[in-house]
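Reading through the structure tokens given below for one structure.
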Amino acid sequence: MISALTGHYHRNPTVMLWLMVGLFSSILLPWYGIEDGFFDLEWIIDGYPLDSDFAPLFFLLGQGEKLWLTPLIMPFFFAFFALTLPQRSSAFSWALIIGGGLGLIWMCGQGLSIGIRGWQIASLQELFGPLDERQFGMGYGAILYFASCLFLFSTGLAEQRGTMGDKFIIGMICFVVMLVGIFVFYPIIKLIILAFIDEQNAYSLSLFWEKISDSRIWSLGCVFAERRCGVAWNTVFMATIVGFLTTTLGLVFALLVTRTNLRYRRIFRAISIIPLITPPFVIGLAIILLFGLSGVVSTTISDIFGLTPTRWVYGLPGIVIAQTLAYTPIAFLVLIGVVESVSPSLEEAGLTLRANPSQVFQTVSLPLIRPGLANAFLLGFIESMADFGNPLVLGGNYDVLSTEIFFAIVGAQYDQGRAAVLALVLLSFTLAAFYIQRFWLGRKSYTTITGKGDSGYNMKLPPLLSRTVIFVGSSWAFFTIVIYSIIVYGSFVEMWGLDNSLTFKHYITAFSVSIEENGIQWTGSAWNSFSTTFMIAAIAAPLTAAIGLVTAYLLTRHNFRGKNAFEFGTMLSFAIPGTVIGVSYILAFNVPPIEITGTGIILIVSFVFRNMPVGVRSGVAAMSQIDKSLDESSLTLGAGSFHTFTKIVLPLLRPAILAALVFSFVRSMTAISAVIFLVSAEYDMATSYIIGRVENNDYGLAIAYSTTLIFLMLLVIILLQIMVGKTVTNRRQAGTETQGGLNVT
Amino acid sequence: MKLLLKFAVAGALVAGSTVAQAADKLTFYCSAQEDWCQLMTKEFSAATGIKVNMTRKSSGETFAQIKAESSNPKGDIWWGGTGDPHLQAAEEGLTMAYKSSMRSELQDWALRQAESANDKTIGIYSGALGYGYNEDLLKKNNLSVPACWKDLLKPEYKGHVQMANPNSSGTAYTTLATMVQLFGEDQGFEFMRGLNKNINQYTKSGSAPIKSAAKGENTIGIVFMHDAVKQAVSGFPIKVVAPCEGTGYEIGSMSIIEGARNPDSAKKFYDWALSAAAQSLALQVKAYQVPSNNGSKTSPSAPDLSSIKLIDYDFKKYGSSSERKRLLKKWDTEVYAQ
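Chains as they are written, first to last, in our numbering: chain S, 1 to 745; chain D, 1001 to 1338.
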């Protein structure tokens, strides 16, 4: 059949391929989603292909069902028509663009307007009258059909640009745009719409205004009177303090590791990484066990000095301590890269010109670090705003936006509209910070690995500064160690504060295994959520890395119209707090056309698109560090572009791949704010299980589970490091290691 | 094409050989404590052979989920959690009416709950509001032992009392509604304003005040008495108080979700959960609520509702969303913002 066609028509393999995919999906695969799950194959023997639940597109139409799908045949005619036209003609490309575009638009239009209860939009109902038929979410057939239209469309676009058009590149751009559109923008738009809807389901601007101008959000009562401040200001104030503290401590650590002669300074690097792989709540719990009303430190101090212990830690102080512990590593990882990339030759030049070390530090090194400082500050600021776990445990009466959003939805008021409004406020804050970061600091060349030599060692710190840095760094490191000792100890204590005898009880409850006749029984109560979490994280991590690197490749090596918007779109989800993602995903993906709530897929999707910006950033950072002349020389020497990519670019990208894998894996294991809305009976995640334990005063089990997770993540990171390997360059070793962590710029 | 055909055939063969007999299923939303939910799941599966998928979330979270899923319900039955969200769900048509054959065995208050929701929900347990205090901390701070609601207004308790925020917790909303019914609206709010002076924190979750009292992070926590009893039985130095003026109560409820995919399994669960045997399971997990089936076993540690002065709590009025919104708004401006 194919050869008959090609004999007659002009051969264009891409068009042929996607046309075949489109036909295959509409003739053979069930159009709608299968209720029993994506991977269930029961449909094959259960009425397929005629039963309307399982029928492919053509069978549906042939039986006169779901007739609104009829226009979806059009793209096939256009594609066949295109094949009769000479290639490189503008008619050929237009036929593909119109055909594919029609398919895409009609798919979206019908999917959004006809749902499980007939018409989704009231005005359509008035226009066409009530619809008896209904439709479920997209299935294999519809998904593949959609892809086929997308790539026919992108091929058309590529052909239009003549010899300049690269089908693969343009296809990839369209693909990424489509994914980001569906999984980042669409849910957010759904959420924004909700903010404008009143209880009668009508749009209302005045209600929106009333909600957004609420004094509970914007009141400045704590400044001018003895009243409470609005949550918005509370949040900004908290995030500013945390941003400042994490940046300072991050810089101290970065200088300590790279610019002092302190022995064992490598230990600091390890210590500073551990908070990154700590599940939420744990640090908060440890702080309560230390500084709470009955905490170890509080009671000791009050016994010695005869003071009455207070609840000072609940509120802003507690949140700030916990968040500073948790987010200093991020600042550290950003800053160590910057500190190390300060070119030694510049500092050497300063010294040669007879400036003393502290002059060089103040006039050469520090100014070069400055953009990094601003970057680290903004990251700490955004992370603090989006944090959910610490304010929940330690917040006291200090309300912040992330917890307010959560309780607006799950609390006794069930006010989704208020949640949407608060989410918008939070989103606009993080976006503003993000925008400043992107456009104020984003324009900078990062090219530091070139074919040329750049040897030498960075200058050490001037003595006084060095001592200060060592003192502050060591104190904070000591504090971190105390916190983690409490955590490990807490997992072995029978019942904290009541019965301090040591026990393995919590580990046994969570992870016991018994061997019975019919094999191993995983009897521990945590196994279910543990295996789900591990599986989901293990699937999400490579997907995140792949889509991140592809996007990074498009961004750094190709120029196309709308590139800035494209980049902004792919980075947007970094600025969206998890709570907002959770709520908007539930709103967007519980109903057709995309119906994935209650599955593992929604968890994977949320992780992939939440963490994608890190994959993109580390890929961009790595790729812009690789001088294009390396690619070019490889090409000039006769290697093909595929060969160049695999032998030259990919090996140099190893740190970026590792960064994306590690970050995505760790985030998927420790995320809570989005997850709490998306878990279901079958797919429960570790963090949501841990919250349940904390709620139940079961600290021992919660901490034991968290400790296990920490060790598991350490193990996985080490394994990944071995598997992916390191980039070997002739430069100082330290320069490559830093990219192994998180490298958001 | 040939290759594809081969794939399809192979796929069909594999599928045909692995498809098992489709068993009865039930998606169970549970709003009680985790171990109780797990026990219910396990015992129901064992009793009926129905495969149960259980998700545990607080009643507020579950309500939010059911509402979000309303156009495409995923859950079948919702068991546990305070009655208000169940009533609200009934009011919004998210749950469906069902008259169980087990009704004759139930206490009056369980049936009254069903009545006020047109049979869309039913009472499964109840618990009275009260407070608990940490004995050690009370002694350490030389505080007198409280016995009434009004005692909590004494200046000596400043910074020692904790309750949840009624905006986020059903327990705290019950407290607010109880005060309004017990003292009248003006006096009730006067009480809440006085209490506000002594409150050290409005927690988010309803039972958090007594949990932090158990851990020594707080002295007095206003909670449901069975939550306080649980901490005392677990060995923490907690004493439970049934306030002398009388008090309100909650009715933990159960509802079948409208549009459930497995309505028959849901009804089986409903009937089973109202049986004396199922309700007696509560004791195994230290849940000291009063069961709604007259024949269930109770614990001697559980608060005895018949010896507590209970007010005539108007669930219909104070569970309605308009009254709730009005009271919460009033509380926000007249109490919380002060």
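Ideal Cβ positions, reconstructed from N, Cα and C, are used throughout, including at glycine.
These figures come from a predicted structure and were not determined experimentally.
- At a cut-off of 8 Å between beta carbons, Asn1142/D makes no contact with chain S.
- If you draw a straight line from the Cα of Ala202/S to the Cα of Leu67/S, it is about 30 Å long.
- Using a 10 angstroms sphere on the CB of Met723/S, the tally of other CB atoms stays under 16, which defines it as exposed.
- For the pair Ala1128/D and Leu1310/D, the CB atoms are nearer than the 8 Å cut-off.
- At least 8 Å separates the beta-carbon of Val482/S from that of Val252/S.
- Residue pairing by DSSP puts Leu1026/D in a beta bridge opposite Val1052/D.
- Restricted to the segment 1154–1230 of chain D, the beta strand (DSSP E) segments that are unbroken, complete and at least 3 residues in length are 1161–1164, 1199–1203, 1220–1224, listed in chain order.
- Residue environment: Pro391/S is assigned as buried (16 or more neighbouring CB atoms within 10 Å of its CB, all protein chains considered).
- Shown here, Gln1065/D sits in a helix according to DSSP, grouped into three states.
- Counting the other CB atoms within 10 Å of its CB gives Ile27/S a total below 16, which places it among the exposed residues.
- In the DSSP assignment, Val360/S forms no beta bridge with any residue.
- Not a single CB atom of chain S sits nearer than 8 Å to the CB of Asp1314/D.
- Within chain S, Asn696 have C-beta atoms less than 8 Å from the C-beta of Gln1033/D, given in sequence order.
- Judged by beta-carbon spacing, Ser1169/D lies beyond the 8 Å limit of Lys1211/D, meaning their Cβ atoms are not closer than that value.
- Trp218/S sits in a helix when the DSSP states are folded into three classes.
- In the three-state reduction of the DSSP assignment, Trp68/S falls in the helix class.
- Rounded to whole angstroms, the separation of the alpha carbons of Glu348/S and Ala331/S is 27 Å.
- Nearest to Phe479/S by alpha-carbon distance, out of Met138/S, Gly578/S, Thr324/S, Arg266/S, is Thr324/S.
- Taking C-beta separations shorter than 6 Å and ignoring five residues to either side along the sequence, the partners of Asp1024/D in its chain run Ile1050, Ser1265, following chain order.
- If you draw a straight line from the Cα of Gln1187/D to the Cα of Ala1089/D, it comes to about 31 Å.
- Look at the segment 1192–1214 of chain D: the residues with a C-beta under 7 Å from a C-beta of chain S are Asn1200, Gln1201, Tyr1202, Lys1204, Ser1205, Lys1211, Ala1214.
- Assignment of Asp1151/D by DSSP, reduced to helix, strand and coil, places it in the helix class.
- Apart from the 5 residues on each side of it in sequence, Asn1141/D sits with its Cβ closer than 8 Å to the Cβ of His1160, Thr1219 in its chain, given in chain order.
- Put simply, of Met535/S, Val236/S, Ser634/S the residue whose alpha carbon is nearest the alpha carbon of Gly600/S is Met535/S.
- The DSSP assignment places complete alpha helix (DSSP H) segments of no fewer than 4 residues inside the segment 273–311 of chain S at 282–291, 296–305, in order along the chain.
- Contact with chain D is absent for Arg161/S, since none of that chain's Cβ atoms lies less than 8 Å from the residue's Cβ.
- Within the segment 566–590 of chain S, those residues whose Cβ lies closer than 8 Å to any Cβ of chain D are, in chain order, Ile586, Leu587, Asn590.
- Just measuring C-alpha positions, the residue of Phe1028/D, Pro1300/D, Leu1087/D sitting nearest Lys1316/D is Leu1087/D.
- Leu1281/D sits away from Glu1105/D, with the two beta carbons spaced by 8 Å or more.
- For Arg1056/D, the chain S residues whose Cβ falls inside 8 Å of its Cβ are Gly692, in order along the chain.
- For Tyr1125/D, the enclosing beta strand (DSSP E) stretches over residues 1122–1134.
- With fewer than 16 other Cβ atoms inside 10 Å of its own Cβ, Ala1046/D counts as exposed.
- Boundaries of the beta strand (DSSP E) harbouring Ser514/S: 514–516, taken from the DSSP string.
- Look at Glu1217/D: its C-beta is under 8 Å from a C-beta on chain S.
- In the DSSP assignment, Met1254/D falls outside any alpha helix (DSSP H) and lies within the beta strand (DSSP E) extending over 1249–1257.
- With a 10 Å radius around the Cβ and a threshold of 16 neighbouring Cβ atoms, Thr1175/D comes out buried.
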